[in-house]
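Participant:
Chains as they are written, first to last, in the working numbering: chain X, 26 to 279; chain L, 26 to 279.
1) Should the region 91-105 of chain L be regarded as contacting the region 64-80 of chain L, the criterion being three or more beta carbon pairs within less than 8 Å?
2) I'd like the list of long-range same chain contacts for residue 37 of chain X, defined as Cβ closer than 8 Å, with 5 residues on each side in sequence excluded.
3) Checking 9 Å against the spacing of the C-beta atoms, do residue 80 of chain L and residue 262 of chain X come in under that value?
4) Go ahead and label residue 129 of chain L buried or exposed: buried means 16 or more other beta carbons lie within 10 angstroms of its beta carbon, across all protein chains shown.
5) Taking residue 35 of chain L as the reference, give the member of L:225, L:241 and L:214 with the closest Cα.
6) Is residue 109 of chain L closer than 9 Å to residue 44 of chain L when the C-beta atoms are compared?
7) With DSSP run on the structure shown, which of helix, strand or coil describes residue 186 of chain L?
8) What residues in its chain sit with their C-beta under 7 Å from that of residue 190 of chain L, if we drop five residues either side in the sequence?
9) So residue 281 of chain L contacts chain X; which residues on that side make the cut at Cβ distance below 7 Å?
10) If you draw a straight line from the alpha carbon of residue 170 of chain X to that of residue 134 of chain L, how long is it in whole angstroms?
11) Among L:139, L:211 and L:154, whose alpha-carbon lies nearest the alpha-carbon of residue 114 of chain L?
12) Considering Cα atoms alone, identify which of L:278, L:274 and L:144 is closest to residue 31 of chain L.
13) Starting from residue 119 of chain X, follow the alpha helix (DSSP H) in both directions and report where the run begins and ends.
14) Would the region 47-66 of chain L count as touching the region 239-251 of chain L if we require 3 or more Cβ pairs under 8 Å?
15) What first and last residue would you give for the beta strand (DSSP E) that runs through residue 239 of chain X?
16) Taking a cut of 7 Å between CB atoms, which residues from the region 190-221 of chain X lie near chain L?
17) Are the beta-carbon atoms belonging to residue 211 of chain X and residue 238 of chain X less than 9 Å from one another?
18) Quick one: residues in its chain with C-beta nearer than 7 Å to the C-beta of residue 82 of chain X, no 5 flanking neighbours on either side, listed in chain order?
19) Any beta-carbon of chain X closer than 9 Å to the one on residue 260 of chain L?
20) Relative to chain L, which residues along the region 86-103 of chain X have a C-beta separation below 8 Å, given in chain order?
21) Can you give the Cα-Cα distance for residue 86 of chain L and residue 151 of chain L, rounded to whole angstroms?
22) Can you name the residues that DSSP bridges to residue 173 of chain L?
23) Do residue 172 of chain L and residue 139 of chain L have their beta-carbon atoms positioned less than 9 Å apart in this structure?
24) Strictly by DSSP, which residues pair up with residue 253 of chain L?
25) Which chain X residues are close to residue 165 of chain L, counting only those with a beta carbon under 7 Å from its beta carbon?
26) Taking all protein chains shown into account, do 16 or more other C-beta atoms lie within 10 angstroms of the C-beta of residue 279 of chain L, making it buried, or fewer, making it exposed?
27) Taking residue 98 of chain X as part of the beta strand (DSSP E), name the residues at either end of that continuous run.
28) Please state whether DSSP places residue 231 of chain L in a helix, a strand or coil.
29) With a threshold of 16 other CB atoms inside 10 Å of the CB of residue 245 of chain L, please say whether the residue is buried or exposed.
30) With 9 Å as the threshold, decide whether the Cβ of residue 233 of chain X is near any Cβ in chain L.
31) In the region 36-50 of chain L, which residues sit with their C-beta less than 9 Å from some C-beta in chain X, listed in chain order?
32) Do residue 94 of chain X and residue 117 of chain X have their beta-carbon atoms positioned less than 9 Å apart in this structure?
33) Sort L:99, L:158 and L:274 by Cα distance to residue 125 of chain L and report the nearest one.
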């Protein structure tokens with residue numbers, strides 16, 4: 026069963042330590058992929074140091090700057106040897122443009138499906154996990170023009186993930202996304218907060234909360250070309266650490 | 026039946042014109058109360074000019090700077106002669122502190138209950154309309170400390186009203202308020218947007234939307250002293266102009 030740790034940005038030591046622990050603790054073999062970052066060397070150095078501080082002895086960076094690198098046959102053994110793979114923040118569209126559909130993507134999908142690795146991502150590395158990925162959008166209000174989406178790498182299908190959620194006041198763009206695509210469950214993850222998936226459910230970890238917006242049972246959705254959206258009967262759940270949620274059931278669980 | 030026009034701030038000409046029209050058009054007798062404002066003379070001048078521009082011939086300001094003024098017997102005939110009374114923005118606690126429980130308050134309650142006047146308010150003048158009034162709170166996240174409330178003047182009981190709603194990203198403080206007081210329906214009103222009440226229902230007017238958050242059917246509410254609130258099974262409706270909502274039924278209506 027796949028294990029995904031999806032972090033809303035600005036992860037503190039407790040969450041980073043939990044990742045190391047899930048990947049095997051001192052025996053973990055961790056690979057950091059900073060493709061999203063505009064300064065990958067700095068992002069790699071920062072994360073390698075943080076994971077070493079949490080007790081991981083084997084940490085390395087895998088530099089994937091372009092599709093040639095992501096299709097290089099040398100990538101597969103590096104990923105297959107890993108027990109934990111971590112995507113840093115930056116621009117989520119860099120991840121999909123550089124890695125989408127490459128040999129790296131295929132190996133990651135295989136490893137995640139087999140449950141042989143913990144795949145983690147923060148911020149942009151969280152956004153790209155979803156079936157539908159929010160690319161940008163910070164206009165006020167709930168409207169068609171308040172959000173731009175594209176396909177994510179679909180490690181967690183059926184959801185649209187937003188990050189830095191309460192810190193950047195992003196509920197309107199997430200509501201806009203689920204009004205446009207009510208089959209996608211909206212997951213807004215605060216900073217220093219994560220969801221840890223276990224098959225079809227997730228548990229919330231960290232200091233903030235995860236806001237679930239579910240337009241599945243909405244009774245009236247109207248999306249004009251411009252101007253405000255109508256969205257009646259949306260469900261909303263605010264779930265802090267320790268709470269769990271069943272994805273296909275669309276309900277909080279014990 | 027009481028008619029309340031509750032505006033989320035920054036009302037444009039269309040909303041101000043609608044108020045004049047509801048109050049009787051050219052025959053309207055409009056009274057502006059700028060008690061919330063730190064510069065009442067400026068707020069009065071601005072609103073008197075705006076209502077004259079919308080075709081009202083009889084417009085005047087009623088200056089209520091302190092409780093002595095609000096208890097002056099001279100207030101009652103001024104209010105009784107009005108067909109429309111408008112509360113400006115500023116600090117909603119100034120309205121409750123200066124007017125709450127005074128002769129002015131009693132006359133206003135009587136006039137509103139009789140349906141003989143249209144009572145309008147924008148921003149702070151909107152906040153004070155509710156049973157539970159949001160006083161302040163802009164902390165991130167949904168928590169006990171994200172919002173401070175007090176009793177409003179209760180022209181519209183059973184609700185908690187927030188204003189400048191999407192522009193200032195206030196959903197977290199409104200969710201915090203309804204998690205604390207799930208019997209109160211949360212109404213988040215955008216700028217240049219209003220609700221017009223007609224007995225137990227309201228219609229949305231203006232260029233933005235009204236976000237209704239309803240914790241009445243929440244299945245799990247947990248409010249720790251500090252840290253994030255759990256709120257499962259909240260309902261949410263985003264309603265732009267032309268949509269209506271039934272308050273005690275807690276459902277959008279045709």
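All C-beta atoms in this analysis are idealised placements derived from N, C-alpha and C, irrespective of residue type, glycine included. What you are looking at is a predicted structure, and each value in this text was computed from that prediction instead of being measured.
Facilitator: Quick look at the numbers:
1) no
2) 217, 231 and 232
3) no
4) buried
5) L:214
6) yes
7) strand
8) 33, 213, 214, 215 and 236
9) With chain L covering 26 to 279 only, the question about residue 281 of chain L has no answer from this structure.
10) 42 Å
11) L:154
12) L:144
13) 117-124
14) no
15) 234-239
16) 191, 192, 194, 196, 197, 200 and 215
17) yes
18) 51
19) yes
20) none
21) 18 Å
22) L:161
23) no
24) L:168
25) 191 and 192
26) exposed
27) No beta strand (DSSP E) contains residue 98 of chain X, which DSSP labels as neither H nor E.
28) strand
29) exposed
30) yes
31) none
32) no
33) L:158
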